[in-house]
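What follows is one structure encoded as structure tokens, with my remarks underneath.
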Amino acid sequence: MRMTEPADASPGGTAPAGSPPGLDLDRLAGWLAVHRPELADGPLRASLVTGGKSNLTYLLSCGAREVVLRRPPLGHVLATAHDMAREHRVISALAPTAVPVPEALLLCADPAVIGAPFYLMQRVPGEVLRSRAQTDPLTDAQRRDLAWAMMDTLAALHTVDPAGVGLADFGRPEGYLGRQVRRWAGQLDRSRSRELPGVDELRDALAASVPDGVNAGRIVHGDFRLDNLLTTADPVSVRAVLDWEMATLGDPLADLGLLLTYWDVLGDSDLAEGNPVADGLGPRAGFPTGRELIDRYAGRSDVDVGPLHWHLALGCFKLAVICEGIHYRHTLGQTLGGGFDRIGDMVPPLVAHGLRAIGEH
Numbered sequence: 453m454r455m456t457e458p459a460d461a462s463p464g465g466t467a468p469a470g471s472p473p474g475l476d477l478d479r480l481a482g483w484l485a486v487h488r489p490e491l492a493d494g495p496l497r498a499s500l501v502t503g504g505k506s507n508l509t510y511l512l513s514c515g516a517r518e519v520v521l522r523r524p525p526l527g528h529v530l531a532t533a534h535d536m537a538r539e540h541r542v543i544s545a546l547a548p549t550a551v552p553v554p555e556a557l558l559l560c561a562d563p564a565v566i567g568a569p570f571y572l573m574q575r576v577p578g579e580v581l582r583s584r585a586q587t588d589p590l591t592d593a594q595r596r597d598l599a600w601a602m603m604d605t606l607a608a609l610h611t612v613d614p615a616g617v618g619l620a621d622f623g624r625p626e627g628y629l630g631r632q633v634r635r636w637a638g639q640l641d642r643s644r645s646r647e648l649p650g651v652d653e654l655r656d657a658l659a660a661s662v663p664d665g666v667n668a669g670r671i672v673h674g675d676f677r678l679d680n681l682l683t684t685a686d687p688v689s690v691r692a693v694l695d696w697e698m699a700t701l702g703d704p705l706a707d708l709g710l711l712l713t714y715w716d717v718l719g720d721s722d723l724a725e726g727n728p729v730a731d732g733l734g735p736r737a738g739f740p741t742g743r744e745l746i747d748r749y750a751g752r753s754d755v756d757v758g759p760l761h762w763h764l765a766l767g768c769f770k771l772a773v774i775c776e777g778i779h780y781r782h783t784l785g786q787t788l789g790g791g792f793d794r795i796g797d798m799v800p801p802l803v804a805h806g807l808r809a810i811g812e813h
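Going by this note's numbering, the sequence shown wraps up at 813, each residue one higher than the last.
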């Protein structure tokens with residue numbers, strides 16, 4: 453999950469005037485002049501679209517053309533995280549499929565150019581829907597059709613044959629679910645600052661009942677949700693799926709379980725209103741229910757949704773851990789922006805819902 457915060461100061465010296473944090477336009481212009489001269493035929497201008505602890509996104513004006521540049525967050529990042537080549541590879545591979553992705557234009561693996569590897573992709577027209585202020589003006593029919601388009605897109609992703617698009621070695625599907633439990637359990641241990649009744653019980657129940665992975669080996673987005681899509685309302689369409697930094701080969705129900713956690717657990721809660729995680733989605737915002745989303749997905753996918761209760765519990769655990777980490781940083785004064793003071797209140801209902809889900813069969 454991405455929590456957007458203002459970017460830090462540019463590392464490694466001062467960028468030229470007019471350069472946003474993390475993007476030296478003079479050095480970029482020189483590199484483009486050699487490798488993609490058609491993108492360097494006019495002055496470069498750039499603005500930071502999103503910033504913070506996830507990959508940074510810039511709108512780059514190259515003369516009369518606009519493209520999008522993605523780079524890792526500023527400062528220290530884990531060696532295996534925020535892999536630009538990985539994002540570039542997956543959207544390139546999916547280009548000829550039914551999954552809408554921006555066109556990948558080029559990849560620069562050399563960190564010497566702007567301070568980190570980066571890639572450029574096509575700018576796709578559309579809107580990222582993040583709040584009730586954006587979704588409330590939609591008609592009931594538009595919200596329904598948008599939900600169906602979202603689920604059809606997820607089903608299309610999960611029906612892509614990884615080997616058929618050159619992604620046979622994109623991940624390690626064997627043991628994927630067990631690794632997910634261990635990963636988020638480790639994150640929990642690093643985020644503890646208060647008593648969290650039930651969270652250890654949920655972790656242990658997940659670890660003791662990992663499904664056999666009957667659906668393993670599909671392409672998994674890792675954070676598929678409404679505000680990671682570029683959409684249009686008239687006509688209703690999904691123009692592009694964004695933010696592929698967590699993509700891998702694994703169990704597709706992990707995508708569906710996490711989406712339903714956002715949708716039904718958070719989106720149908722009193723905590724959703726004005727919350728930077730859950731505002732603008734789910735039944736309270738006038739969209740179809742999670743059960744209807746599952747039915748739509750199942751009708752367009754060959755994925756067995758039988759073990760979905762476990763994946764919903766995993767989604768609850770994952771989001772509880774993420775929210776607890778944000779809560780901890782907020783108590784230390786390390787979060788910027790609005791709404792973070794309420795993040796900690798979301799953890800207990802997530803844990804409670806996860807425990808209920810793990811008990812279903």
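Where a beta carbon is used, it is the ideal one built from N, C-alpha and C, also for glycine.
Considering only C-alpha positions, which residue in the set the options is nearest to residue i?
i	options	result
Ser-674	Gly-777, Asp-703, Gly-806	The displayed chain sequence assigns Gly, not Ser, to residue 674. Comparing Cα-Cα distances from Gly-674 to each of Gly-777, Asp-703, Gly-806, the minimum goes to Asp-703.
Leu-678	Ser-689, Gly-669, Ile-671	Ser-689
Asp-731	Asp-588, Thr-509, Cys-514, Asp-493	Asp-588
Asn-507	Val-553, Ala-492, Arg-523	Arg-523
Arg-646	Ala-481, Gly-618, Gly-811, Asp-797	Asp-797
Glu-518	Arg-743, Trp-715, Glu-555	Glu-555
Ala-564	Ala-804, Leu-745, Arg-479, Gly-785	Arg-479
Leu-475	Val-520, Tyr-714, His-487	Val-520
Val-651	Leu-640, Met-573, Ser-661	Leu-640
Gly-618	Met-603, Met-573, Pro-548	Pro-548
Val-745	Gly-709, Arg-794, Cys-514, Leu-557	Strictly speaking, residue 745 in this sequence is Leu, with Val absent from that position. It is Gly-709.
Arg-400	Gly-623, Pro-649, Phe-622, Val-662	This structure leaves residue 400 out entirely; the chain is present only between 453 and 813.
Ala-568	Gln-586, Ala-585, Pro-525, Arg-595	Pro-525
Ala-660	Arg-794, Arg-631, Leu-557	Arg-631
Cys-514	Asp-535, Ala-537, Ser-583, Arg-488	Arg-488
Asp-592	Gly-494, Arg-736, Ile-778	Arg-736
Phe-676	Glu-653, Phe-622, Thr-713	Thr-713
Gln-574	Ile-543, Val-717, Met-603, Trp-715	Ile-543
Asp-841	Arg-541, Ala-537, Ala-585	Beyond the ends of the chain as shown, which are 453 and 813, falls residue 841; an answer cannot be given.
For residue i, which residues of its own chain have a beta-carbon under 6 Å away from its beta-carbon, when the five flanking residues on both sides are left out?
i	result
His-610	Arg-670, Pro-704, Ser-753, Val-755
Leu-802	Cys-768, Leu-771, Ala-772
Trp-600	Arg-748
Ala-620	Pro-614
Glu-776	Ser-643, Val-799
Ala-545	Val-617, Gly-618, Leu-619
Pro-759	Pro-663
In the DSSP assignment, what residue or residues form a beta bridge with residue i?
i	result
Glu-518	Ser-513
Val-755	DSSP, once it has assigned bridges, lists no residue as partnering Val-755.
Leu-500	Tyr-510
Gln-574	Val-519
Gly-702	Arg-670
Ser-583	None; Ser-583 has no bridge partner.
Ala-692	Leu-682
Could you spell out where the beta strand (DSSP E) holding residue i opens and where it closes?
i	result
Ile-671	670-672
Met-603	Counting along the chain, Met-603 falls outside any beta strand (DSSP E), though it belongs to the alpha helix (DSSP H) covering 592-610.
Leu-558	556-560
Apart from the five residues just before and just after residue i, which ones in its own chain have a Cβ nearer than 7 Å to its Cβ?
i	result
Trp-636	Phe-769, Lys-770, Val-773
Leu-500	Ala-459, Pro-472, Pro-473, Leu-508, Tyr-510
Arg-691	Pro-552, Val-576, Pro-577, Gly-578, Leu-682, Thr-683, Thr-684
Glu-490	none
Got a sec? Which residues, its chain only, sit under 8 Å from residue i by beta carbon, not counting five neighbours each side?
i	result
Leu-590	Leu-598, Ala-685, Gly-738
Glu-539	Asn-507, Arg-522, Tyr-571, Trp-696, Glu-697, Ala-699
Val-825	Because the chain spans 453 through 813 in this model, residue 825 falls outside it and cannot be assessed.
Ala-809	His-761, Trp-762, Leu-764, Ala-765, Cys-768
Ala-750	Val-757
Ala-804	Gly-650
Between which two residues does the alpha helix (DSSP H) holding residue i run?
i	result
Leu-745	742-750
Ser-544	536-546
Leu-718	From DSSP, Leu-718 is part of no alpha helix (DSSP H); its letter is neither H nor E.
Glu-776	760-783
Ile-810	799-810
Arg-736	Segment: none, Arg-736 is in no alpha helix (DSSP H) and carries neither H nor E.
Leu-491	Where Leu-491 is concerned, there is no enclosing alpha helix (DSSP H), given that its DSSP letter is neither H nor E.
*beta strand (DSSP E) runs contained entirely in the stretch 614-683, provided each spans 3 or more residues*: Those beta strand (DSSP E) runs which fall completely within the stretch 614-683 and span 3+ residues are 670-672.
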